[in-house]
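Everything below concerns the one structure shown next.
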Amino acid sequence: MNVDRITEKLNILADAAKYDVSCASSGSKRKNENKGLGNASNGICHSYTEDGRCVSLLKILLTNHCIYDCAYCVSRKSNDIKRAAFTVQEVVDLTINFYRRNYIEGLFLSSGIFKNADYTMERLVLVAKKLRTEHNFNGYIHLKSIPGASDELMREAGLYADRLSVNLEMPTEEGLKLLAPDKNRQDMIQPMGFLKNEIIQRTEEKKIFKKAPMFAPAGQSTQMIIGATPENDNQILQSANYFYKNFRLRRVYYSGYVPVLTDSRLPALNTAVPMVRENRLYQADWLMRFYGFTVNEIVNQNQPHLDLDIDPKLSWAIRNLHIFPLDINKADLQLILRVPGIGLQSAQKIVSARMFGKLGWDQLKKIGVAINRARYFIFCNSRDYERRDLTGTKIKQFILAESTSKYLKNSTTQLSIF
Amino acid sequence: MTTLIYDGTFEGLLTAVFEIYEHKLQHVRLKKGEWNTTALFENVMQVVTDEGRAVRVLKGLHKKLSAAGIQRLYIAHTGDMEGEENTLIGYIRYVFDSSQNIEEDYGNRYVMRVSEIVRSLRREKHRMEAFVRFQKLKDGVFYSAIEPDFNVLPLLVRHFKNRYADQKWIIYDIRRQYGIYYDLHDTQFISIDFNDNNQAVNTIASYTEDEGLYQHLWKNYFHSVNIPSRKNTKLHLRHIPRRYWKHLPEKF
Numbered sequence: 042m043n044v045d046r047i048t049e050k051l052n053i054l055a056d057a058a059k060y061d062v063s064c065a066s067s068g069s070k071r072k073n074e075n076k077g078l079g080n081a082s083n084g085i086c087h088s089y090t091e092d093g094r095c096v097s098l099l100k101i102l103l104t105n106h107c108i109y110d111c112a113y114c115v116s117r118k119s120n121d122i123k124r125a126a127f128t129v130q131e132v133v134d135l136t137i138n139f140y141r142r143n144y145i146e147g148l149f150l151s152s153g154i155f156k157n158a159d160y161t162m163e164r165l166v167l168v169a170k171k172l173r174t175e176h177n178f179n180g181y182i183h184l185k186s187i188p189g190a191s192d193e194l195m196r197e198a199g200l201y202a203d204r205l206s207v208n209l210e211m212p213t214e215e216g217l218k219l220l221a222p223d224k225n226r227q228d229m230i231q232p233m234g235f236l237k238n239e240i241i242q243r244t245e246e247k248k249i250f251k252k253a254p255m256f257a258p259a260g261q262s263t264q265m266i267i268g269a270t271p272e273n274d275n276q277i278l279q280s281a282n283y284f285y286k287n288f289r290l291r292r293v294y295y296s297g298y299v300p301v302l303t304d305s306r307l308p309a310l311n312t313a314v315p316m317v318r319e320n321r322l323y324q325a326d327w328l329m330r331f332y333g334f335t336v337n338e339i340v341n342q343n344q345p346h347l348d349l350d351i352d353p354k355l356s357w358a359i360r361n362l363h364i365f366p367l368d369i370n371k372a373d374l375q376l377i378l379r380v381p382g383i384g385l386q387s388a389q390k391i392v393s394a395r396m397f398g399k400l401g402w403d404q405l406k407k408i409g410v411a412i413n414r415a416r417y418f419i420f421c422n423s424r425d426y427e428r429r430d431l432t433g434t435k436i437k438q439f440i441l442a443e444s445t446s447k448y449l450k451n452s453t454t455q456l457s458i459f
Numbered sequence: 069m070t071t072l073i074y075d076g077t078f079e080g081l082l083t084a085v086f087e088i089y090e091h092k093l094q095h096v097r098l099k100k101g102e103w104n105t106t107a108l109f110e111n112v113m114q115v116v117t118d119e120g121r122a123v124r125v126l127k128g129l130h131k132k133l134s135a136a137g138i139q140r141l142y143i144a145h146t147g148d149m150e151g152e153e154n155t156l157i158g159y160i161r162y163v164f165d166s167s168q169n170i171e172e173d174y175g176n177r178y179v180m181r182v183s184e185i186v187r188s189l190r191r192e193k194h195r196m197e198a199f200v201r202f203q204k205l206k207d208g209v210f211y212s213a214i215e216p217d218f219n220v221l222p223l224l225v226r227h228f229k230n231r232y233a234d235q236k237w238i239i240y241d242i243r244r245q246y247g248i249y250y251d252l253h254d255t256q257f258i259s260i261d262f263n264d265n266n267q268a269v270n271t272i273a274s275y276t277e278d279e280g281l282y283q284h285l286w287k288n289y290f291h292s293v294n295i296p297s298r299k300n301t302k303l304h305l306r307h308i309p310r311r312y313w314k315h316l317p318e319k320f
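Protein chains in written order, with this note's numbering: chain A, 42 to 459; chain B, 69 to 320.
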């Protein structure tokens with residue numbers, strides 16, 4: 042193996058793949074069979090880059106040659122960058138050797154489109170097939186489904202991969218038209234629909250025949266780029282909600298646009314990455330998936346943007362003060378989950394613990410409740426509670442005065458240098 | 069106040085519980101260590117680990133706790149955290165003094181503290197599952213050195229045995245000076261004498277030739293996936309605290 046050449050390829054093709062934010066290696070339940078190599082279950086982040094994102098998979102492109110010219114993408118046809126391509130064997134060797142050293146949970150393989158969709162998809166499937174059949178590799182494999190690839194190839198991909206994903210790229214069809222005129226949203230949705238039906242059908246089969254092969258056990262995900270086009274948070278979250286509901290996606294990722302190219306259709310090169318907005322979108326996403334919020338409670342026509350200075354749950358609570366204060370020793374779990382400062386785990390602990398006796402502030406604090414936020418919305422086994430009839434604005438002021446968002450704090454320290 | 073000295077094993081802890089009830093002791097402090105007679109004016113008792121007594125206490129626990137609850141207690145003890153024996157004693161006494169299962173009574177300080185201990189141990193275990201970095205030796209064994217905050221090595225066996233079933237490996241806790249060796253069939257605890265000069269020289273010289281290559285590629289990969297315009301050092305450090313860096317090839 043030529044060390045310099047393989048290093049250069051790895052650098053180019055890892056660099057080109059890094060804007061795909063999906064890093065999950067969880068949700069699968071692949072066991073290590075016949076004393077082979079690896080397993081995939083809960084997901085482990087093996088390292089973290091200096092931007093704080095986790096590294097759990099070897100995330101690379103098979104090639105960054107591409108026939109498309111999407112404005113937001115570094116690998117676009119008209120961009121003058123170094124191009125490279127891995128051979129199938131090179132990807133297999135890298136994966137196995139990194140995996141054996143416990144660097145990674147598995148492989149995330151994507152690719153620029155060369156020749157056509159089927160030709161590209163075939164190469165991706167070949168890598169997965171080789172890993173599974175020749176190397177008895179049971180680690181995690183995430184493959185990109187290439188829009189427009191044939192159903193036959195998608196089916197084969199599902200048999201070898203744990204997760205498949207198609208990136209929607211833009212939250213709306215108009216956004217996609219503007220930045221990627223050669224791409225068609227329907228082409229992206231088509232494989233997603235095919236895989237959804239296939240996954241449902243295979244899961245049914247597996248219930249009856251235990252030996253039936255697994256089919257994409259970690260399901261599907263997708264990604265939307267945020268801040269490259271003018272969509273508001275309402276459009277983004279409605280779109281995410283649509284795909285969660287109709288395509289049974291496991292995750293929708295929101296990727297704050299990192300300006301890498303000059304193009305009149307895009308934000309200028311020195312524009313900051315919308316990191317706070319991205320964070321708020323993820324918080325809203327969590328509220329929809331785990332906290333029983335509907336999308337319209339978080340954003341709607343009248344409330345098209347998420348607050349940047351406070352999180353969406355606090356923002357909802359302030360808009361719905363008539364529900365509070367709650368008696369923490371009596372309220373339903375569903376309502377406790379809606380209190381700002383109480384997370385999933387604390388809520389469950391509260392519900393278990395209160396069966397043994399009434400809870401007071403000290404115990405709530407020990408359980409892990411953020412009292413500085415929660416205290417405006419609850420009362421407990423204590424004579425001490427918020428007696429003032431505070432307005433929403435006032436509560437927001439008090440909470441903001443006590444704590445600053447980690448992101449906003451960053452930006453003030455940066456400003457004070459000047 | 070009575071001080072009980074025990075041998076640090078889980079059976080020893082259970083025997084201590086037996087003694088507490090047998091002698092109807094009220095205020096006790098449990099300490100791990102050797103029996104010495106210097107404590108003239110203190111009320112000190114040595115607990116002689118007795119399997120029969122330990123099993124009786126364990127049976128009692130089984131009646132009042134779920135299997136998962138007993139496992140949590142065992143994990144909390146394995147972690148070997150300074151001074152936490154007394155939390156465990158407090159917890160077990162609370163179990164026996166209550167008429168119902170108290171596992172989820174997070175309002176009680178012992179229950180909450182055990183839950184915290186188990187949480188930190190599980191976190192450390194998970195970190196080790198992430199931060200173990202194997203280096204391939206000439207004889208085909210994959211070797212890794214770790215320095216976890218708590219004694220989590222015994223908790224790691226199952227994960228690594230399931231995952232790396234087709235390669236021999238050693239994970240060695242440098243701080244506590246013992247390791248696990250997997251020989252393709254079973255795991256066993258081992259200790260290596262690094263002071264033996266010959267052996268140390270052999271170890272360093274015995275990496276396979278491509279070990280350097282893959283470490284080099286891994287470092288390159290790690291730097292290529294970073295997005296400099298999103299730099300967030302605080303978050304980075306929260307995920308990988310500096311004390312773990314010296315065993316991570318991408319960070320040294």
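Cβ coordinates follow ideal geometry from the N, Cα and C atoms, glycine included.
CB-CB length for residue i against residue j, believed under 8 angstroms
i, j, result
"Asn-105 (chain A)", "Ile-53 (chain A)", "7 angstroms"
"Tyr-142 (chain B)", "Tyr-159 (chain B)", "Going by Cβ atoms, the distance from Tyr-142 (chain B) to Tyr-159 (chain B) rounds to 12 angstroms, so no, they are not a contact pair."
"Ala-326 (chain A)", "Val-380 (chain A)", "Just to set this straight, residue 326 (chain A) is Asp in the shown sequence, not Ala. That pair is no contact at about 19 angstroms."
"Thr-71 (chain B)", "Val-112 (chain B)", "5 angstroms"
"Leu-400 (chain A)", "Gly-175 (chain B)", "6 angstroms"
"Leu-205 (chain B)", "Ala-144 (chain B)", "About 35 angstroms; that fails the 8 angstroms criterion."
Closer than 8 angstroms to chain B by CB, residue i
i, result
"Ala-169 (chain A)", "no"
"Asp-521 (chain A)", "Missing from the structure shown is residue 521 (chain A); chain A here goes from 42 to 459 and no further."
"Tyr-113 (chain A)", "no"
"Leu-135 (chain A)", "yes"
"Gln-404 (chain A)", "yes"
"Ile-369 (chain A)", "no"
"Val-132 (chain A)", "no"
"Val-96 (chain A)", "yes"
"Lys-70 (chain A)", "no"
"Tyr-426 (chain A)", "no"
"Thr-48 (chain A)", "yes"
"Ile-408 (chain A)", "yes"
Contacts that residue i makes with chain B (C-beta to C-beta distance below 9 angstroms)
i, result
"Met-316 (chain A)", "Arg-298 and Asn-300"
"Phe-139 (chain A)", "Tyr-282, Leu-285, Trp-286 and Tyr-289"
"Arg-414 (chain A)", "What Arg-414 (chain A) touches in chain B: nothing, since even the nearest Cβ is about 20 angstroms away."
Where residue i falls: helix, strand or coil (DSSP)
i, result
"Lys-156 (chain A)", "coil"
"Ser-188 (chain B)", "helix"
"Arg-201 (chain B)", "coil"
"Gly-398 (chain A)", "coil"
"Asn-105 (chain A)", "coil"
"Gln-256 (chain B)", "strand"
"Ala-281 (chain A)", "helix"
"Arg-71 (chain A)", "strand"
"Trp-286 (chain B)", "helix"
"Glu-210 (chain A)", "strand"
Short CB-CB distance (under 8 angstroms) between residue i and chain A
i, result
"Arg-310 (chain B)", "no"
"Ala-268 (chain B)", "Unreliable positioning characterises Ala-268 (chain B) in this predicted model, as indicated by a pLDDT of 48, which lies under 50. The coordinate reading is nonetheless provided below. Taking Cβ atoms only, chain A never reaches closer than 8 angstroms to Ala-268 (chain B), which makes this a no."
"Trp-286 (chain B)", "yes"
"Ala-136 (chain B)", "no"
"His-304 (chain B)", "yes"
"Leu-316 (chain B)", "yes"
"Glu-172 (chain B)", "yes"
"Asn-154 (chain B)", "no"
"Met-113 (chain B)", "no"
Closer than 8 angstroms at the beta carbon, the chain A residues around residue i
i, result
"Asn-294 (chain B)", "Lys-59, Thr-90, Glu-91 and Asp-92"
"Ala-233 (chain B)", "Asn-73, Lys-76, Gly-77 and Leu-78"
8 angstroms Cβ cut-off: residues of chain B touching residue i
i, result
"Cys-86 (chain A)", "Ala-198 and His-307"
"Leu-51 (chain A)", "Leu-285, Asn-288, Tyr-289 and Ser-292"
Neighbour list for residue i in chain B, Cβ cutoff strictly below 7 angstroms
i, result
"Leu-400 (chain A)", "Gly-175"
"Asp-56 (chain A)", "Ser-292"
"Val-129 (chain A)", "The premise fails here: Val-129 (chain A) is roughly 17 angstroms from chain B at the closest Cβ pair, so nothing lies under 7 angstroms."
CB contact below 8 angstroms: residue i versus chain C
i, result
"Leu-349 (chain A)", "Within the model displayed, chain C is absent; protein chains A and B are what it includes."
Interface partners of residue i on chain A, CB under 7 angstroms
i, result
"Asn-230 (chain B)", "Asn-73 and Asn-80"
For this session: Quick one: which residues of the region 381 to 398 of chain A get their C-beta closer than 7 angstroms to a C-beta of chain B? List them in chain order.
Result: Lys-390, Ser-393, Ala-394, Phe-397 and Gly-398
Problem set entry | Contact list for the region 194 to 228 of chain B against chain A, Cβ threshold 8 angstroms | His-194, Glu-197, Ala-198, Phe-199, Val-200, Arg-201, Phe-202, Gln-203, Lys-204, Phe-210 and Ser-212
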